[in-house]
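This report refers to the structure that appears directly beneath it.
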Amino acid sequence: MPSENQEHSVEFQGWLFGMLGMLIFSLTLPMTRMAVESLSPYFVAAGRAMLAALVGLPILLITSQPRPTRLQWKGLWLAGLGVIFGFPVLMTVAMQFVPASHGGVVLGILPLTTAITSTILLRERPSIGFWICGVLGSAAVIIFSLREGGGSFQAGDWLLFGAVISASYGYVKGAEMSAQLGGWQTICWTLLSWSPILLPITLWLVQDLPEEVSWSSWIGFLYVALFSQFLGFFAWYKGLAMGGVARVSQTQLLMPFFVLLFSWLILGEAIDWETFLFAGFVVATVAIGKQMAIRRKPSGD
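Positions 18 to 318 (this note's numbering) are the ones given, in order, by the sequence shown.
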């Protein structure tokens with residue numbers, strides 16, 4: 018039976034993997050904005066997953082990974098419904114309507130929606146203190162979003178809300194499968210489970226590519242395919258499995274502000290001093306929430 022120190026060490030390692038995944042994902046919106054400058058958002062959404070699947074397949078073959086069971090295939094496909102179909106499509110289309118920095122702030126509610134989803138689908142039961150931290154942090158980023166939108170949500174916001182729900186579901190199902198198959202194996206098998214759908218869609222969309230595509234759009238596309246859709250999930254799913262969905266998902270409260278930073282560095286989008294005040298508040302909720310108890314109910318409860 019693992020000691021309390023060992024359990025804390027595993028949870029901390031999970032939190033670190035979650036932070037790495039979050040940093041990789043933080044570049045997704047700026048890179049998507051770059052990609053859709055010349056490329057169709059639907060091609061970017063489908064093509065990124067198809068390219069990632071083509072990279073993942075030989076890795077599975079070379080490492081001789083055992084095939085998932087029929088029940089596991091179902092779980093993998095459902096995880097992909099969120100992180101391969103729903104989130105990429107909705108998020109990519111939204112990037113045609115709102116800046117990357119704005120999208121990053123809206124995605125700040127991901128930790129709360131992921132925690133809610135985990136309480137429904139898994140057997141995690143966060144403490145009241147954890148919920149308070151999650152609600153406060155999420156409220157801060159929602160207020161920030163309304164402030165940026167002049168007091169109302171834009172069309173892109175609703176697409177992003179749908180992307181949040183999709184990602185939350187995909188994260189939780191992916192964490193569930195990661196505990197059975199391993200983190201990197203999960204995203205590889207998930208991509209493979211969707212490849213029969215992705216391949217014909219991608220081949221159809223590639224016919225309508227413009228004759229001239231900027232190099233920056235291709236760089237953005239390659240990043241979201243190889244990092245956002247692939248390598249980021251190696252770290253993210255491993256972190257969720259080791260540290261727990263509700264706790265590790267709290268690291269994504271930091272993501273809006275890394276998105277703002279990268280949007281400024283890469284796209285030249287502006288950041289004002291109030292952004293840093295919101296960032297400080299959200300960092301505090303993450304730090305406090307990380308210390309709150311999260312109970313994992315045994316299967317016999």
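Where a beta carbon is used, it is the ideal one built from N, C-alpha and C, also for glycine. Here the structure is a predicted model, which is why all the values come from computation and not from measurement.
- Exclusion of the five residues before and after Ala52 leaves Val61, Ser234, Gly237, Phe238, Val241 as the residues of its chain whose Cβ lies within less than 7 Å of its Cβ.
- Ranking Leu278, Gly173, Leu139 by CA distance to the CA of Val106 puts Gly173 first.
- Listed in chain order, the alpha helix (DSSP H) runs fully inside the segment 32 to 94 are 45 to 52, 58 to 79, counting runs of at least 4 residues.
- Using a C-beta cut-off of 8 Å, the segment 186 to 199 makes no contact with the segment 109 to 119, since fewer than three inter-stretch Cβ pairs fall below that distance.
- For Val122, same chain residues with a beta-carbon under 8 Å away, outside a window of 5 residues either side, are Val158, Phe161, Ser162, Glu165, Pro273, Val276, Leu277 in chain order.
- Excluding residues up to 5 positions away in sequence, Leu107, Met108, Val110, Ala111, Phe114 lie with their Cβ nearer than 8 Å to the Cβ of Leu176 in the same chain.
- Between Ser195 and Ala252, the C-beta gap is not smaller than 7 Å, which leaves the two residues out of contact.
- About 5 Å separates the Cβ atoms of Thr207 and Ala96, confirming a contact at the 8 Å cut-off.
- When the alpha-carbon of Leu74 is set against those of Val262, Val223, Ser210, the nearest one is in Ser210.
- Between Val265 and Gly35, the gap from beta carbon to beta carbon is short of 7 Å.
- Classified as buried, Ser135 has 16 or more neighbouring CB atoms from the shown chains inside 10 Å of its CB.
- Looking only at Gly200, Met309, Trp232, Ala301, the smallest Cα-Cα distance to Leu93 is reached by Gly200.
- Taking 7 Å as the cut-off, the beta carbon of Ser55 is found closer than this to the beta carbon of Val230.
- Boundaries of the beta strand (DSSP E) around Pro143: 141 to 143.
- Residue nearest to Leu153 within the set Leu270, Ser26, Gly256 is Leu270 (criterion: CA-CA distance).
- With a beta-carbon spacing of about 4 Å, Phe147 and Met309 fall inside the 8 Å limit used to define contacts.
- Taking 7 Å as the cut-off, the beta carbon of Gln82 is found closer than this to the beta carbon of Gln202.
- Non-local beta-carbon contacts of Leu138 in its own chain, meaning distances under 6 Å to residues more than five positions away in sequence, involve Val189 in chain order.
- In this model, Leu78 and Pro85 are separated by some 13 Å (Cα to Cα).
- Non-local beta-carbon contacts of Thr219 in its own chain, meaning distances under 6 Å to residues more than five positions away in sequence, involve Ala63, Gly64, Met67 in chain order.
- Unbroken alpha helix (DSSP H) runs of no fewer than 4 residues, entirely contained in the segment 103 to 191, are found at 104 to 111, 117 to 123, 127 to 138, 145 to 165, following chain order.
- Trp32 counts as buried, since at least 16 other C-beta atoms from the protein chains shown sit within 10 angstroms of its C-beta.
- Here Met39 has Thr268, Gln269, Leu271, Met272 as same chain residues with Cβ atoms under 7 Å from its own Cβ, once five neighbours each way along the sequence are excluded.
- In this structure, Pro47 sits near Ser280, with a CB-CB distance shorter than 7 Å.
- Straight-line measurement puts the Cα of Glu228 at about 43 Å from the Cα of Ser155.
- For the 7 Å CB-CB criterion, Ser183 and Gly125 do not form a contact.
- Between Ile204 and Phe250, the C-beta gap is smaller than 7 Å, which places the two residues in contact.
- For Leu98, the three-state secondary structure derived from DSSP is helix.
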